[in-house]
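Asker: Take 1161 as the starting number for the sequence shown in this note's numbering and just add one per residue. Backbone N, C-alpha and C fix where the C-beta goes; we use that ideal spot for every residue, glycine too.
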Amino acid sequence: MSSTIKDVKGLVVLVTGGASGLGKGVVERLVRNGANVIICDLVSSDGQNIADKLGGKCIFVPTDVTEEKDIQEALKITKAKFHKLDAVVNCAGILKYESVYNFKEDVPHSLDDFMKIIKVTLAGTFNITDLLLG
1161 MSSTIKDVKG LVVLVTGGAS GLGKGVVERL VRNGANVIIC DLVSSDGQNI
1211 ADKLGGKCIF VPTDVTEEKD IQEALKITKA KFHKLDAVVN CAGILKYESV
1261 YNFKEDVPHS LDDFMKIIKV TLAGTFNITD LLLG
């Protein structure tokens, strides 16, 4: 199997959760293979530093995927900069390890923590897909 992404040169790809983990790896590989990439991640993330490091083919748009207005702003900025959007990679997600199961104590996670995880990971993916591709 090839270790490169083929046929992405010139494509415009929006990556949620693109400032860390799997999303960051996707962003770096896409840019390296010629795609224009929009990193959508929280304002508190390292997104701007990553975009600066990767150069003009990559921009950072502070985005909370649970907020419709943030997603609409990301689309507006994407179209202004690149005039199109070809693909979306949904990598935004959170997990609170100790609150899901605390191995040090036999303590169940809270419903509030669980609902936040669901809101970001599932509803965030739905919001992006619905608003950007719908």
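With C-beta atoms as the reference, is residue 1179 less than 8 Å away from residue 1206?
Answerer: Numbered from its first residue, the sequence shown carries residue 1179 at position 19. Numbered from its first residue, the sequence shown carries residue 1206 at position 46. Against a cut-off of 8 Å, the Cβ pair of residue 1206 and residue 1179 comes out as a contact.
Asker: Which residues in the same chain as residue 1272 place their Cβ atom closer than 6 Å to its Cβ, once the five residues preceding and following it in sequence are excluded?
Answerer: As a working mapping, residue 1272 is identified with position 112 in the sequence shown. For residue 1272, where only same-chain residues beyond five positions count, there are no Cβ hits under 6 Å.
Asker: Need the endpoints of the alpha helix (DSSP H) that residue 1285 sits in, please.
Answerer: In the sequence shown, residue 1285 corresponds to position 125, counting from 1. That run of the alpha helix (DSSP H) goes 1284–1288.
Asker: Only counting the same chain, and skipping five residues up and downstream in sequence, which positions put a Cβ closer than 8 Å to that of residue 1252?
Answerer: For the purposes of this step, residue 1252 is taken as the residue at position 92 of the sequence shown. Closer than 8 Å at the Cβ level, and outside the excluded window around residue 1252, lie 1176, 1177, 1183, 1200, 1201, 1225, 1280, 1281, 1284, 1285 and 1288.
Asker: Using the three-state DSSP reduction, which class does residue 1169 fall into: helix, strand or coil?
Answerer: In the sequence shown, the residue the question calls residue 1169 occupies position 9. Residue 1169: coil per DSSP, three-state reduction.
Asker: My parser needs the alpha helix (DSSP H) runs of 4 or more residues fully inside the stretch 1197–1258; what are they?
Answerer: The stretch 1197–1258 contains these whole alpha helix (DSSP H) runs: 1207–1214 and 1228–1242.
Asker: Counting only the same chain and skipping the five closest in sequence on each side, list residues whose C-beta sits under 8 Å from that of residue 1122.
Answerer: In the structure as shown, the chain begins at 1161 and stops at 1294. Residue 1122 is therefore absent and cannot be evaluated.
Asker: Please name the residue or residues paired with residue 1174 in a DSSP beta bridge.
Answerer: Counted from its first residue, the sequence shown places residue 1174 at position 14. Looking at the DSSP assignment, residue 1174 forms a beta bridge with 1198 and 1248.
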